[in-house]
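Q: Below you'll find the structure I mean.
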Amino acid sequence: MWQRIALAILSSLIFAGSSYPCDSSDDTDFRRSVEISRKTNRPLVLAFLGTDWSLTSLKLDREVFDQAAFADDSKYNFLLCKIHFYQTQERAPDIAAQNEQLAEKYRVQEFPTVIVLSPRGEELGRLGYISGGVEKFASAVNAVIFKSRAPEKPD
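Numbering (our numbering), first residue to last: 4 to 158.
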């Protein structure tokens, strides 16, 4: 009996974790996110956030990223990967170093900065805080993605 209960709990934890492909906690594994993006051929939304010191980062996180509607993979065909820059919380040294390197690589100047990457890692566009919740933000991300797929018109 206890074995069945333990197996059920373990199974639910394993499958619950897989429903958030990039960021099921505050620890972000950028390399894993890139790998999933490539394997699934889905764009990667890389969100640079300072949620404990930037009001707009906090608003974006709470109004969009923390909403159940945003986590619905069937509705939005892109992955989210949060890159946190805390001032009041300690980070693991490897995560802090990763985040600094990513901020330098993508030349992040302000927070929040949201960079949309193709599955091949090419930058498609950038966004900041957009008021209006999940629908408006997801529409803006999709606009960046669709614009990158549109054929260029000759002059």
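All residues carry an ideal CB built from backbone N, CA and C; glycine is no exception.
Remember, it's a predicted structure, so these values are computed and weren't measured experimentally.
1. Could you compute how far the alpha carbon of Ile-39 sits from the alpha carbon of Glu-125?
2. Closer than 8 Å, CB to CB, is Ile-118 near chain C or not?
3. May I ask you to list the residues that DSSP assigns as paired with Ile-86?
4. Kindly indicate the opening and closing residues of the beta strand (DSSP E) around Gly-124.
5. Going by DSSP in three states, Thr-116 sits in which element: helix, strand or coil?
6. By the 10 Å Cβ neighbour count, where 16 or more other Cβ atoms means buried, how is Asp-26 classified, buried or exposed?
7. Kindly identify the DSSP beta-bridge partner or partners of Leu-130.
8. Cutting at 8 Å between CB atoms, please list the residues of its own chain near Lys-139, excluding the five before and the five after it.
9. By how many angstroms is the C-alpha of Lys-78 removed from the C-alpha of Leu-130?
10. Would you kindly work out how many angstroms separate the C-alpha atoms of Ala-99 and Ile-86, rounded to a whole number?
11. Grab the span of the alpha helix (DSSP H) containing Gln-104 for me, first residue to last.
12. In its own chain, which residues sit with a C-beta less than 6 Å from the C-beta of Ser-142, not counting the 5 before and 5 after it?
13. Determine the DSSP secondary structure at Val-111, reduced to helix, strand or coil.
14. With H, G and I counted as helix, E and B as strand and the rest as coil, what does DSSP make of Ser-57?
A: Result, derived from the coordinates:
1. As a first step, residue 39 is located in the sequence shown; it is residue number 36 there, counting from the start. As a first step, residue 125 is located in the sequence shown; it is residue number 122 there, counting from the start. Near 15 Å, if we compare the C-alpha coordinates of Glu-125 and Ile-39.
2. Protein chains in the displayed structure number just one, and chain C is not present.
3. Along the sequence shown, one-based indexing puts residue 86 at 83. In the DSSP output, where bridge partners are listed per residue, Ile-86 has Phe-51.
4. Taking the sequence shown and counting its residues from 1, one reaches residue 124 at position 121. For Gly-124, no beta strand (DSSP E) encloses it, and the DSSP letter there is neither H nor E.
5. By 1-based counting over the sequence shown, the position of residue 116 is 113. Here DSSP, grouped into helix, strand and coil, assigns Thr-116 to strand.
6. Along the sequence shown, one-based indexing puts residue 26 at 23. For Asp-26, the predicted structure reports a pLDDT of 39, less than 50, and the residue's modelled location is therefore unreliable. The matter cannot be settled from this model.
7. Locating residue 130 in the sequence shown gives position 127, where the first residue counts as 1. Note: Leu-130 sits in a beta bridge opposite Val-117.
8. Within the sequence shown, the letter at position 136 stands for residue 139. Ile-133.
9. As a working note, residue 130 is residue 127 in the sequence shown. As a working note, residue 78 is residue 75 in the sequence shown. The alpha-carbon atoms of Leu-130 and Lys-78 are separated by roughly 20 Å.
10. Your numbering for residue 99 matches position 96 in the sequence shown. Your numbering for residue 86 matches position 83 in the sequence shown. If you take the alpha carbons of Ala-99 and Ile-86, they lie about 9 Å apart.
11. Here residue 104 refers to the residue found at position 101 when the sequence shown is read from its first residue. Membership of Gln-104 in the alpha helix (DSSP H) is indicated by the continuous run 96–108.
12. Here residue 142 corresponds to residue number 139 of the sequence shown, with the count starting at 1. Apart from sequence neighbours up to five positions away, no residue of its chain approaches Ser-142 with a beta-carbon distance below 6 Å.
13. Within the sequence shown, numbered from 1, the residue matching residue 111 stands at position 108. Val-111: coil per DSSP, three-state reduction.
14. Reading the sequence shown from its first residue, position 54 is the one you call residue 57. Coil at Ser-57, not helix or strand.
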